[in-house]
Every structure is written in C-alpha cells, then in structure tokens.
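So the protein lines, in turn, are chains A and B.
To convert a position in the first sequence, counted from 1, into my numbering, add 672.
To convert a position in the second sequence, counted from 1, into my numbering, add 176.
Cβ atoms here follow ideal geometry from the backbone N, Cα and C, with glycine treated the same way.
To start, the structure under review is shown below, and the notes come after it.
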Amino acid sequence: MGVIERNNVNVSGSGVRAMMFAHGFGCDQNMWRFVEPAFEAEFRTVLFDHVGAGGSDLKAYDRVKYSTLAGYADDVVEIGHEVDLRDAVFVGHSVSCMIGALAAQKAPGMFGKLVMVGPSARYIDDGDYVGGFSEKQIEELLQFLESNHMGWSTQMAPAIMGNPNRPELGTELTNSFCRTDPEIAKAFARVTFKSDNREDLAKIDIPTLVLQCSEDIIASKAVGEFVHRAIPDSEMIILEATGHCPNLSAPDEVIAAMRSFV
Amino acid sequence: MPIPRIDDFQDMFENSPCGYITLQASGRIERVNRTLLGWTGHTADEMIGKRFSDFVNMAGRIYYETHIAPLLRMQGFFDEFAIEMVTAGGEPVQMICNALEGRDAAGNPLFIRLALLRATDRRRYEQELLAAREAAKTSLASERETAELREQFIAVLGHDLRNPLASISAGARVLGRDAKTEKEHQVVAMLQTTVMRMAGLIDNILDFARGRLGGGITLDRDSRRPLEPVLHQVIDELRLSSPGRQIEADYAIDSPVDCDRSRIGQLVSNLVGNALSHGSSNEPVRVRAETANGIFNFSVANGGDPIPPAALERLFEPFFRGEVRASRQGLGLGLHIASQIAKAHDGVLTVTSTPEETKFAFVMPLR
Numbered sequence: 673m674g675v676i677e678r679n680n681v682n683v684s685g686s687g688v689r690a691m692m693f694a695h696g697f698g699c700d701q702n703m704w705r706f707v708e709p710a711f712e713a714e715f716r717t718v719l720f721d722h723v724g725a726g727g728s729d730l731k732a733y734d735r736v737k738y739s740t741l742a743g744y745a746d747d748v749v750e751i752g753h754e755v756d757l758r759d760a761v762f763v764g765h766s767v768s769c770m771i772g773a774l775a776a777q778k779a780p781g782m783f784g785k786l787v788m789v790g791p792s793a794r795y796i797d798d799g800d801y802v803g804g805f806s807e808k809q810i811e812e813l814l815q816f817l818e819s820n821h822m823g824w825s826t827q828m829a830p831a832i833m834g835n836p837n838r839p840e841l842g843t844e845l846t847n848s849f850c851r852t853d854p855e856i857a858k859a860f861a862r863v864t865f866k867s868d869n870r871e872d873l874a875k876i877d878i879p880t881l882v883l884q885c886s887e888d889i890i891a892s893k894a895v896g897e898f899v900h901r902a903i904p905d906s907e908m909i910i911l912e913a914t915g916h917c918p919n920l921s922a923p924d925e926v927i928a929a930m931r932s933f934v
Numbered sequence: 177m178p179i180p181r182i183d184d185f186q187d188m189f190e191n192s193p194c195g196y197i198t199l200q201a202s203g204r205i206e207r208v209n210r211t212l213l214g215w216t217g218h219t220a221d222e223m224i225g226k227r228f229s230d231f232v233n234m235a236g237r238i239y240y241e242t243h244i245a246p247l248l249r250m251q252g253f254f255d256e257f258a259i260e261m262v263t264a265g266g267e268p269v270q271m272i273c274n275a276l277e278g279r280d281a282a283g284n285p286l287f288i289r290l291a292l293l294r295a296t297d298r299r300r301y302e303q304e305l306l307a308a309r310e311a312a313k314t315s316l317a318s319e320r321e322t323a324e325l326r327e328q329f330i331a332v333l334g335h336d337l338r339n340p341l342a343s344i345s346a347g348a349r350v351l352g353r354d355a356k357t358e359k360e361h362q363v364v365a366m367l368q369t370t371v372m373r374m375a376g377l378i379d380n381i382l383d384f385a386r387g388r389l390g391g392g393i394t395l396d397r398d399s400r401r402p403l404e405p406v407l408h409q410v411i412d413e414l415r416l417s418s419p420g421r422q423i424e425a426d427y428a429i430d431s432p433v434d435c436d437r438s439r440i441g442q443l444v445s446n447l448v449g450n451a452l453s454h455g456s457s458n459e460p461v462r463v464r465a466e467t468a469n470g471i472f473n474f475s476v477a478n479g480g481d482p483i484p485p486a487a488l489e490r491l492f493e494p495f496f497r498g499e500v501r502a503s504r505q506g507l508g509l510g511l512h513i514a515s516q517i518a519k520a521h522d523g524v525l526t527v528t529s530t531p532e533e534t535k536f537a538f539v540m541p542l543r
C-alpha cells in the first residue's frame, strides 16, 4: 500500500504553491473542511489523515514508529515527497504544529512557511514552564478515553477504514470523523500530551505564524506566547475565537489571518 | 413547592428527570435546568456565562474540546458520550450526555443543547468491566510469554538431544561389526531400534515446537522421484524393530505424487508405529498405498479393541494419549504431527474404529 492510501491523502485546488493541512489529536482531515476550500483557488491543497485516524490504513499503525512525534513527521515528509512539495505552506492544528516543525527540519526546502493553529511545545507543567496540565491529569485522560469509544467496534473497522466518504454507509458512520481504534486513540493521546518540543522551536528557520485562541484550555495564551517567543522568525495573532478548534468554530477569522501571512 | 401540571412545559424543562444545558454558539452557558443544578450543587449564577468544560474534570475538558466540540460542528449532534461533571463541593458526578447543535438556514451555529443523565452505577459497572478486561489482557500476555518460552525450550532440547543420539547410534554400529554371540547381536539390534524410536520422537517434538512457534510444517515437494521406495524403507525398518509382528503391505502407486517424500515417510512411520503399539498383537497390521482418480490414498488398519468415541474426537490433538498402558505411552505427538503433515499437503487424515478394525486413512490430491 502506498503513502497516498496509507494516509488517505487528498489533493485538490490549483496553484504554483502548495498548502498542506495536518489535523491534530481527536479527529481527522475533516477538521479543515471550512478552511481548506478558501485556498483552493490559489494553492494546490493537500489533506491527509495521520495513520490511525479517519480513513488512514489502520494496518499500517506501528506501535513503535508512532510512539514519538518524529514517526508522524516522517510520514509528513513521505507524503511531501510523494506529492512533490517544495516551498509549501504547512498548516498544522494542535499537536500537528510540532509535527510540522519536525518535518520542516527533516526535509529542508519542502516547506517555506509554517502556520500553527493552537500550538503547544509541551502540555505538562515543568518547573517554571506552565503547560496547563499535570502528569496525573494526562494519566486520567488516557484512562478516560477508554470510556468513550464513540461507537467503535471491531466489526465496523473494515467499513470505516478507507471508506470515509461513502454516504451509503450512512448512519453507521456516525462520529466517524473522530472515531478510531481505542487503543490507537490512547497511544496518540499519550504521544501528544507527553511530548516536549521546546528545544525544537529555536531550530525552526522558516517564517511561522502562531494563531492563538482567546480561551483555549488545551493550548493557553501563555503556551502560545512561549512558542512565538522561541521561534526566531514568527508572528502571533490572537483570535477572538474561543475553544481549541477555531478552524471549525471561526473559520473566517482563521482564513483572514492566514491570508495576510501567506 | 407548587403542584406540577401535566401540560406545564416550563416545569417539564426545569424538573425533567434529566439535566439540560443550553450553550450559546460561542460555547458559553445560556441556561441550566433545575435538575442539573440539583445534581451538581451549583447555582445558575455560577454557571451562566461560563463554558461547559469549566464544570467537567480535566480529562473531560480535553475530550470535549478535541472530540465533542468539533463533531458538533461537523455532524450537528453527538450521542451517548460519558463525561464527569464536578459538583460545587468538588465531587465527581458521572454523566451520559447527548448533544445537538441548532443552526440557521446557512448552517451557522445558533446554540448547543445538552441533555445529561446521571449514570453513576452504569459508569461504575463499565469501569469494572474495563478493569476486568485489563486484568485478563495482562494475564493472557504473561501466559503467552510462558508458553512461548516453554516451546522454545522444547525446540532447543529436541535439537540438543540429536547429537548424543547420533553418538549412541555410531557406537552401536561399531559394536555390531565385532559382535560374536547371538546375545551380542540381539543387544546391538535393540540399541539400533531404540535409537530409531527416539529419533522419531525427537523429530515429532521438533516439528510440534516449530509449528507452535509459527514455523509450521514446511514441505520440500518433489513429484519426479518415486514415493514407493520410501514407503518400503520405512515399513522394513518397522518390521525389523517389531520382530514377531506381521505387516501386510499392498502398493498400487502408478502415478507420480507431488509430495515431500521424507514427510510422507514420517507420516507412514507414525501411523504404522501407532498401529503396532496399540493394535492387537496377534493380528497383522494392513497397509495399503494407491493412486487413483487424481488422489493418493494411504491407509493403515489394525485389529484389537476399538477406540472409544470420546477419545476418537481428540485423537489428533497434541499430547493426547488416551487410556493406554504406561509401557506403551509416547508423547502423544505422533498422530498430531501426522495430521499436520496431511494438512500441509492439502490432504486429510481420518480415523474410523469398529470392533473389527481401526483404520487411519490419509488422502491427498496427486498435485
């Protein structure tokens, strides 16, 4: 199975430059459904699902590879080679901001600009650094995820895998945008919330835009400011939008901020 | 408290058996019903204007922000999610929640409605199930590890036993050359027979361990070389090792058989050896091998007490030994390995047992 099928890669739009969208922990590429169409006229857009999410190939899920964000970044680079990305814009949400930062370092020249929506370099508090969560709270989250399987059942897995866009599967696909194998969800949550990329920020050598929501309990303003200060060539825009997913709750504001940057 | 009326919708909202929360499109709480305030101990003033996630535990907040809020935007509803609210006193209350998003004609969100049911018992039950599953998983994993170690041990042991056996065999050959008395010749012959039996047992052990470790029975098929000489050799060896027993062999192999000749030899040795040790000693063991209609047919029959039906069903399971005299006991792997060899050749091994005869039949396609 190729990279395109593995990561359920969808390319649309037209333009000389390309823009790649990466979803975070929780759902899949549908997170960009209100933002991506706005860029199709000027950019070749690339959407994909991380392995384990959405319409990706669950059989490709490798416990060891995906136990670090670097494993996910390797996939981004592979997709980038496959669809021939050069000097492209990488738009990451949540944990994918750091995945994009790692990918940009792994493949110099592939990305020319980074857009980070709700980034955090580390979620767990550490000395003077305020990430917003304690170690114990993250452990509780991992346990809690077992209580919400979103209607996942093993029998349904084949229907969900690779067929996210088949409407005839109708009601069976309820919650499918955010549903995955509970074991994988737990592992992705672990790698996300236990990641620490503070040291990687200074190495980012391309212009970066940090989009920060006004009230985001997952990536607070302090966390966003830390990211902004640590990246040499970065600017930060505080959105009026609240919550952690402005790409869904305030797409117009996100699109406007991105336009001014790219 | 005023007496409620059946058609009082205000009362139905406030004192419903479930909790209601209405959120503005921005996610801020607009309204909470009395039932929910009663369950959580919060006042309406404390809750209105805040975000729903301010009243749930940290795990629930993350989950709400990463799963529920996005799904409400994408599919407009979300049913049956578990969430833990926190009371004014800091106590957790387990809830099951349904949510829907109200939208205007253009699809923009107007509000979100949440209906919550207290589900403390249900959640405790689920958590116990989860804990039990976790415990089962752990114990299964440790069992598997032990089993694998055991099989690796068997494989290594079986392999290491071959070398000393080869020395014994070589020593017996040397002694055989110089043997003078009848007694000496008998002892040497007995030694060689024992070596052969042990070598067979070791082969079975190794095949079994390999099968369990994922290797399975591997075949080296060859349809050009004849099968019949292999059968002659195996049966002659068995005749030598069982003096006084009669083996009637009947061969009608006139087409090439696409098989692993040494594996088929092993199968024949296991089946005939089995007939010799369990069949009646004053009746012959009847062996027949033939090719006809595109299949290879091999059968071994012996007289004696029939095998009880209960034992018949489990005959091909590993380590099954039935009710036999201790002196006749082997490891119980011979028939299992024979059936595995049959399977590897896309064939089957079956057994029938009556007071007249017990018969093992192996059938496989010629190619």
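- Item | Any non-hydrogen atom of the ligand PLP closer than 7 angstroms to S515/B Cβ | This structure does not include the ligand PLP; it has no bound ligands of any sort.
- Any C-beta of chain A under 8 angstroms from that of L306/B: In the second sequence, residue 306/B corresponds to position 130, counting from 1. Yes, because at least one Cβ of chain A sits closer than 8 angstroms to the Cβ of L306/B.
- Query: Which same chain residues, not among the five before or five after V926/A, have their C-beta less than 8 angstroms away from its C-beta?
  - Reply: Your numbering for residue 926/A matches position 254 in the first sequence. Around V926/A: V707, V789, L883, L911, A913, P918, N919.
- Message: Between the alpha carbons of Q270/B and A295/B, how many angstroms are there, rounded?
- Response: As a working mapping, residue 270/B is identified with position 94 in the second sequence. As a working mapping, residue 295/B is identified with position 119 in the second sequence. If I take the Cα positions, the gap works out to 5 angstroms.
- Task: Look at the alpha carbon of Y196/B and the alpha carbon of I205/B, and state the distance between them as a whole number of angstroms.
- Result: Taking the first residue of the second sequence as 1, we reach residue 196/B at position 20. Taking the first residue of the second sequence as 1, we reach residue 205/B at position 29. Distance between the alpha carbons of Y196/B and I205/B is about 11 angstroms.
- For R838/A, does the three-state DSSP call read helix, strand or coil? For the purposes of this step, residue 838/A is identified with residue 166 of the first sequence, where counting begins at 1. With a pLDDT of 44 at R838/A, under the threshold of 50, the modelled position of this residue cannot be trusted, and the question is left open.
- Query: For A331/B, does the count of other Cβ atoms within 10 angstroms reach 16, so buried, or fall short, so exposed?
  - Reply: In the second sequence, residue 331/B corresponds to position 155, counting from 1. By the neighbour-count rule (16 or more Cβ atoms within 10 Å), A331/B is buried.
- Task: Could you work out which residues of chain B lie near I890/A, taking near to mean beta carbons separated by less than 9 angstroms?
- Result: In the first sequence, counting from the first residue as 1, residue 890/A sits at position 218. Ordered by position in chain B, the residues that pass the 9 angstroms Cβ test against I890/A are R237, I238, E241, T242.
- Would you say M692/A faces chain B, with C-beta separation under 8 angstroms as the test? The sequence position of residue 692/A within the first sequence is 20, counting from 1. No, M692/A lies away from the interface with chain B (no Cβ there is under 8 angstroms from its Cβ).
- Query: With a cut-off of 8 angstroms, does the C-beta of L341/B fall near any C-beta of chain A?
  - Reply: On the second sequence, position 165 is the one that residue 341/B refers to. It does not; no Cβ of chain A falls within 8 angstroms.
- Task: Thinking D729/A and R678/A are a contact (beta carbons under 8 angstroms), I'd like their distance in whole angstroms, please.
- Result: Taking the first sequence and counting its residues from 1, the one referred to as residue 729/A is at position 57. Taking the first sequence and counting its residues from 1, the one referred to as residue 678/A is at position 6. So it is a contact: roughly 5 angstroms between Cβ atoms.
- Message: Using only the alpha-carbon positions, how far apart do Y301/B and L511/B sit?
- Response: Position 125 of the second sequence, counted from the start, is the residue given in the question as residue 301/B. Position 335 of the second sequence, counted from the start, is the residue given in the question as residue 511/B. One C-alpha to the other measures close to 47 angstroms.
- Task: Name the one or two DSSP bridge partners that M250/B has.
- Result: Indexing the second sequence from 1 puts residue 250/B at position 74. Its beta-bridge partners do not exist; DSSP assigns none.
- Got a sec: is the Cβ-Cβ distance from F254/B to anything in chain A below 8 angstroms? Counting from one through the second sequence, the residue named residue 254/B turns up at place 78. Cβ-Cβ to chain A under 8 angstroms: yes for F254/B.
- Can you find a C-beta in chain A that's less than 8 angstroms from the C-beta of A295/B? What you label residue 295/B is simply residue 119 of the second sequence in a count that begins at 1. It does not: the Cβ of A295/B has no partner Cβ on chain A nearer than 8 angstroms.
- Query: For the stretch 715-784 of chain A, which segments carrying the beta strand (DSSP E) assignment without a break, of at least 3 residues, lie completely within its bounds, in sequence order?
  - Reply: 716-719, 760-765
- Looking at C-alpha atoms only, which residue of D354/B, P178/B, F536/B is the closest neighbour of T546/B? Because chain B spans 177 through 543 in this model, residue 546/B falls outside it and cannot be assessed.
- Determine which residues share a DSSP beta bridge with N682/A and list them. The residue you call residue 682/A lines up with position 10 of the first sequence. Paired residues: L719/A.
- Message: Please report whether the beta-carbon of F231/B lies at a distance below 8 angstroms from any beta-carbon of chain A.
- Response: Numbered from its first residue, the second sequence carries residue 231/B at position 55. No - not a single Cβ of chain A is within 8 angstroms of the one on F231/B.
- Kindly list, in the order they appear in chain B, the residues whose Cβ is closer than 8 angstroms to that of S819/A. Numbered from its first residue, the first sequence carries residue 819/A at position 147. Those within 8 angstroms of S819/A in chain B are A258, R299, E302, Q303, L306.
- By Cβ distance below 7 angstroms, which residues in the same chain neighbour G352/B in space, the five residues on each side in sequence not counted? In the second sequence, counting from the first residue as 1, residue 352/B sits at position 176. If we look at G352/B and ignore the five residues flanking it on each side, its Cβ neighbours are V364.
- Looking at the unbroken alpha helix (DSSP H) that takes in V232/B, where does it start and where does it end? Numbered from 1 along the second sequence, position 56 holds the residue referred to as residue 232/B. Note, V232/B: premise wrong, no alpha helix (DSSP H); not H, not E.
- Quick one: Cα of I431/B to Cα of F472/B, how far? As a working note, residue 431/B is residue 255 in the second sequence. As a working note, residue 472/B is residue 296 in the second sequence. The residue asked about is misnamed: residue 431/B is Ser in this sequence, not Ile. Whole-angstrom Cα-Cα distance: 9 angstroms.
- Item | Check whether E807/A and I796/A have beta carbons under 8 angstroms apart | Here residue 807/A refers to the residue found at position 135 of the first sequence. Here residue 796/A refers to the residue found at position 124 of the first sequence. Yes; because the gap between Cβ atoms is below 8 angstroms, this pair is in contact.
- Message: Taking contact to mean 3 or more Cβ pairs, one atom from each stretch, closer than 8 angstroms, check whether the stretch 275-291 of chain B and the stretch 723-742 of chain A are in contact.
- Response: no
- Under 9 angstroms (Cβ pairs) to chain B, residues found in the stretch 703-717 of chain A: M703, R705, F706
- Does the beta carbon of P268/B come closer than 8 angstroms to any beta carbon on chain A? What you label residue 268/B is simply residue 92 of the second sequence in a count that begins at 1. Taking Cβ atoms only, chain A never reaches closer than 8 angstroms to P268/B, which makes this a no.
- DSSP beta-bridge partners of I909/A: Position 237 of the first sequence holds residue 909/A. Bridge partners of I909/A: L883/A.
- Message: Less than 8 angstroms between C-beta atoms, sequence neighbours within five positions excluded: which residues of the same chain meet that for S906/A?
- Response: The residue given as residue 906/A occupies position 234 in the first sequence. These residues qualify, in order along the chain: I876, P879, T880, L881, V882, V899, H900.
- Item | Identity of the residues DSSP links to E424/B by a beta bridge | As a working mapping, residue 424/B is identified with position 248 in the second sequence. BP columns for E424/B point to R462/B.
- Please report the residue range of the alpha helix (DSSP H) in which R227/B lies. Residue numbering aside, residue 227/B sits at position 51 when the second sequence is read from its first letter. Per DSSP, R227/B belongs to no alpha helix (DSSP H) and is neither H nor E.
- Message: Taking DSSP's pairing of strands, which residues face G687/A in a bridge?
- Response: Taking the first sequence and counting its residues from 1, one reaches residue 687/A at position 15. G687/A is not bridged to any residue.
- DSSP on M261/B, reduced to helix/strand/coil? Numbered from its first residue, the second sequence carries residue 261/B at position 85. Of the three classes helix, strand and coil, the one that applies to M261/B here is strand, per DSSP.
- May I ask you to list the residues that DSSP assigns as paired with L341/B? Here residue 341/B refers to the residue found at position 165 when the second sequence is read from its first residue. Per DSSP, none; premise fails for L341/B.
- Item | Other residues of its chain near A829/A: CB distance less than 6 angstroms, five sequence neighbours each side excluded | One-based indexing of the first sequence puts residue 829/A at position 157. Confidence at A829/A is low in this model, with a pLDDT of 44, below 50, so its placement is unreliable and no value can be given for it.
- Query: Okay, do the stretch 245-255 of chain B and the stretch 886-898 of chain A touch, 3+ Cβ pairs below 8 angstroms being the bar?
  - Reply: no
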